[in-house]
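Here is the structure we will look at, set down as structure tokens.
2 protein chains.
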Amino acid sequence: MSIIILHGDIVYAPSADELAIHENSYIVVKEGCVEGIYPEVPEQYKGVPVTDYGRKMIIPAFSDLHVHASQYVQRGIGMDCLLSDWLNNYTFPQESRFSDMEYAKNCYDAFVDDLIRHGTFHVNAFATIHREATDYLFNRLEEKGLYGYVGKVNMDCNSPDFLIETTEESLRETEVYLDSHKGSKRVKAILAPRFAPTCSKPLIDGLGKLAAKYACGVHTHLVESLWEAEEALRLFPEYGSDAEIYERAGLMNHGPSIFAHVIFPSKEDIRILKKHGSYAVHCPDATTNIIAGIMPVQRLNEQGMKITLGSDIAGGHGIAIYKQVARAVQLSKLKEFYEPSESKTITLTQAFYHATKEAGSAFGKVGSFEKGYLFNALVIDTMEDPWMTMTAEERLERFCYIGDDRNIRARYIEGREL
Amino acid sequence: MSIIILHGDIVYAPSADELAIHENSYIVVKEGCVEGIYPEVPEQYKGVPVTDYGRKMIIPAFSDLHVHASQYVQRGIGMDCLLSDWLNNYTFPQESRFSDMEYAKNCYDAFVDDLIRHGTFHVNAFATIHREATDYLFNRLEEKGLYGYVGKVNMDCNSPDFLIETTEESLRETEVYLDSHKGSKRVKAILAPRFAPTCSKPLIDGLGKLAAKYACGVHTHLVESLWEAEEALRLFPEYGSDAEIYERAGLMNHGPSIFAHVIFPSKEDIRILKKHGSYAVHCPDATTNIIAGIMPVQRLNEQGMKITLGSDIAGGHGIAIYKQVARAVQLSKLKEFYEPSESKTITLTQAFYHATKEAGSAFGKVGSFEKGYLFNALVIDTMEDPWMTMTAEERLERFCYIGDDRNIRARYIEGREL
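The listed protein sequences correspond, in order, to chains B and S.
Okay, so the first sequence: first residue is -3 according to my numbering, each after it adds one.
Okay, so the second sequence: first residue is -3 according to my numbering, each after it adds one.
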């Protein structure tokens, strides 16, 4: 039986209100799963060698629940454009290049390497409409041992000529894609209608049938801006809410339903998302960059919605989810400043919980160190200046606010060091 | 005569509306100052060796117009506290430790090294009330060749017992401090009343006399929050605006007057600041973290106010001014989203201008590459993924959004490589 033991300051968030801190402790990992955390090595494990990380922190690896892998190459540019200019001048022409497999490979290889570098081991990614390139991303994540959902994007209307499919083509290619990844393990196919404004009703309904046939979930954008919320209902006039479009198509019954942004949810949206245990993905930098608004994280969390974090590359500029943890706290402050009746400030612990255990639940038992969780973990520098000490909570906070990939000193997936 | 020539993509902002871009060009630096930028090495310089940076960017070094050097050790912690808790639990106890010179040296050495690492060569810094430690910071900046203003903080009321001076003590120590740095060159003493709520009228008036006697400027916080704006006028009821407190004391006539935050300026504040050519310092991360609000940058710029950027360590968590350039664009978007009648979105070029040429003007001819400007400069990576090219403007933007100190490949002060 494979057993490893690591020593360090072990930190994770079992709930939004609690940061579990085991300083100077030992974590025992059996067959890739957490067996327990102990102040001393228990008698029965005395013979197992200990990897000693001193006062470095051992934390769960991060999950990114909304990222456009195909936009990785355009991260951090065109950020002072309006959304429509950014889409038309950067995003759409760039995504159209994924018909070129050479380009796609370069982009997706760099994307996956950067995820690993920044400690994101579980990822829910949009690709593009191109099936072959989407397959490549799927396989690349699997090769590297990451956990993920990958979606071939669907868009059959209101899109530029060079980046649009017919409804039939879109459904056919999606089915080939789903079929070829049946029975996959760590990485799974997910349906990815771009969003209601670029999908016809026949397309959405067709995807609903594929969801049932291939037992897969859905990943899209929901009430991401006032414009989108209105446009979705203008195009789907017989529906009462944005979420209902996906629910009535049967897209929320066969796997995780993951909705990016959720900034302006109606009561009906909230009811539908809660009913299906859906994930709402907060992407702080992205919704700032695209001037969409700020998700009412504290309120939605109190209302029992599952809240997670996303980088939303390249609406968001940075791939590091730990930075979005800090940014989520920051934006909650601005939200309270401007809309005190809408939502309140959140704590670092809460944001960290959303980025680890809550988001991780979309992939299985990852994102925590409770017994039985997979040991997908990061070892983080002490983050201290040499002449002063800090609490573990402060060190975690400092990592999220000013850390970078250099502060990630080791990476483990299923108990195996990368 | 000392002449150096560098080749690369040379980028600077002569105004808020213009990014000057000289790709594949040569910059000639004579006696530390920019002589000119040329597409080819001019005939008369043919013998001078060229340092070739290829397609790397050469940009002016940054200026940080508002930073609490003494709070460097607490950066990125306590960020989810309310301001009062943050001050009482972190900031005040921590600042009180600067009576210990060992602690002060450790902190200020690390602070100055980090400024250099991140390309900030011109800095306007608060120290603490402790003169000896403030002297140390002053000398350390000078030793390292940086440009700066350093202020011994004044606070004689409404402050914790362990971090307060009597009015007499405060004025006496300040005068000793000013006197000992008379005639200094790159680094200069500045007056630093913490802000009106912690300074009595006799203290402010006394500092006004010292300003005249020692010909020095002032650095403080102004209308930094709704609370501060009201509290200042409650304590100084005979004044019509926050700025008038400093103006009537004669603090704005003898050197640069530099005001942090300026989030809620009255018409009178704006009139007074413009009259004295004062600098308003926008600190995007800090005013988010302390829930103060967002400076109306675009409007104040249009009204002719000098706008600059500050890290405001440790209200702000990061020392890198290039990241505040990106953050200034981001916050301008949120400002327009929430208060469209107050201020509009700004461009990356505008934010970069505030952080370089406009802020640099407080220190002399730094922050631009026009003829006669000191060559205080950074060489920045191409920022490109190897399989695609970007414009110089995009590369600058990417550096501000996702770059870090690793992307700064060389540093020059007065034409001398560090």
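Where is the CB? At the ideal position from N, CA and C, for every residue including glycine.
- Counting other Cβ atoms within 10 Å of its Cβ, Asn84(B) stays below 16 and is therefore classed as exposed.
- Within the DSSP bridge table, the entry for Tyr34(S) names Tyr22(S) as partners.
- Membership of Ser(-2)(B) in any beta strand (DSSP E) is not indicated, and neither H nor E is assigned to it by DSSP.
- Scanning chain S for C-beta atoms nearer than 7 Å to the C-beta of Tyr397(B) yields Gly72, Met75, His313, reported in chain order.
- Within the same chain, and ignoring the five residues on either side of Glu227(S) in sequence, the residues whose Cβ sits closer than 7 Å to its Cβ are Pro193.
- For Leu392(S), the uninterrupted alpha helix (DSSP H) run begins and ends at 388 to 398, by DSSP.
- By the rule that beta-carbons nearer than 9 Å mark a contact, Phe333(B) touches chain S.
- The C-beta separation of His257(S) from Cys279(S) comes to about 6 Å, placing the pair in contact by the 8 Å criterion.
- Taking a beta-carbon distance threshold of 9 Å, Asp157(B) does not count as an interface residue toward chain S.
- Counting the other CB atoms within 10 Å of its CB gives Val172(B) a total below 16, which places it among the exposed residues.
- If you keep only unbroken beta strand (DSSP E) runs of at least 3 residues inside the stretch 148 to 212 of chain B, you get 183 to 189.
- Sequence-distant Cβ neighbours of Cys396(S) in its own chain, meaning closer than 6 Å and more than five residues away, are Tyr318, Val321, Ala322.
- Only Asp381, Trp383, Met384 from the stretch 370 to 385 of chain B bring a Cβ to less than 7 Å from some Cβ of chain S.
- According to the DSSP secondary-structure assignment, Thr304(B) is paired through a beta bridge with Val277(B).
- Between the stretch 355 to 374 of chain B and the stretch 50 to 58 of chain B there are three or more inter-stretch CB-CB distances shorter than 8 Å, so the stretches are counted as touching.
- Residue state for His257(B) is assigned as strand, using DSSP reduced to three classes.
- Annotation: Cβ neighbours of Glu390(S) in chain B (cutoff 8 Å, chain order): Ile73, Gly74.
- In the pairwise beta carbon analysis, the stretch 95 to 103 of chain B is classified as touching the stretch 126 to 137 of chain B: at least three pairs are separated by under 8 Å.
- With contacts defined as CB atoms closer than 9 Å, Thr284(S) and Ile259(S) fail to qualify as a contacting pair.
- The Cβ atoms of Leu61(S) and Ala310(S) lie no closer than 9 Å to each other.
- With respect to chain B, the C-beta atom of Lys209(S) has no partner C-beta closer than 9 Å.
- Assigned with DSSP and collapsed to three states, Val119(B) falls in strand.
- With a beta-carbon spacing of about 7 Å, Leu167(B) and Leu199(B) fall inside the 8 Å limit used to define contacts.
- Annotation: Ile404(S) to Ser(-2)(B) spans about 44 Å, alpha carbon to alpha carbon.
- Interface annotation, Asn20(S): not in contact with chain B, CB-CB separation never under 9 Å.
- Burial is judged here by how many other beta carbons sit within 10 angstroms of a residue's own beta carbon; Phe158(B) has fewer than 16 and is exposed.
- Per DSSP, the beta bridge partners of Pro56(B) are Ala373(B).
- Here DSSP, grouped into helix, strand and coil, assigns Arg412(B) to strand.
- When rounded, the separation of the alpha-carbon atoms in Ile241(S) and Lys205(S) is 14 Å.
- Relative to the Cα of Ile17(B), the nearest Cα in the group Ile315(B), Val63(B), Gly144(B), Glu389(B) belongs to Glu389(B).
- A residue is called buried when at least 16 other Cβ atoms come within 10 angstroms of its Cβ; Trp383(B) does not meet this threshold and is exposed.
- Taking a C-beta distance under 9 Å as the contact criterion, Val7(B) and Leu392(B) qualify as a contact pair.
- Rounded to the nearest whole angstrom, the CA to CA distance from Glu14(S) to Ser221(B) is 31 Å.
- Ranked by Cα distance from Met151(B), the options Phe117(B), Asn135(B), Thr170(B) are led by Thr170(B).
- The beta carbon of Lys331(B) is closer than 6 Å to those of Ile290, Ser339 in its chain, skipping five residues each way along the sequence.
- Listed along chain S, the residues sitting closer than 7 Å to Leu330(B) by beta-carbon distance are Thr284, Leu330.
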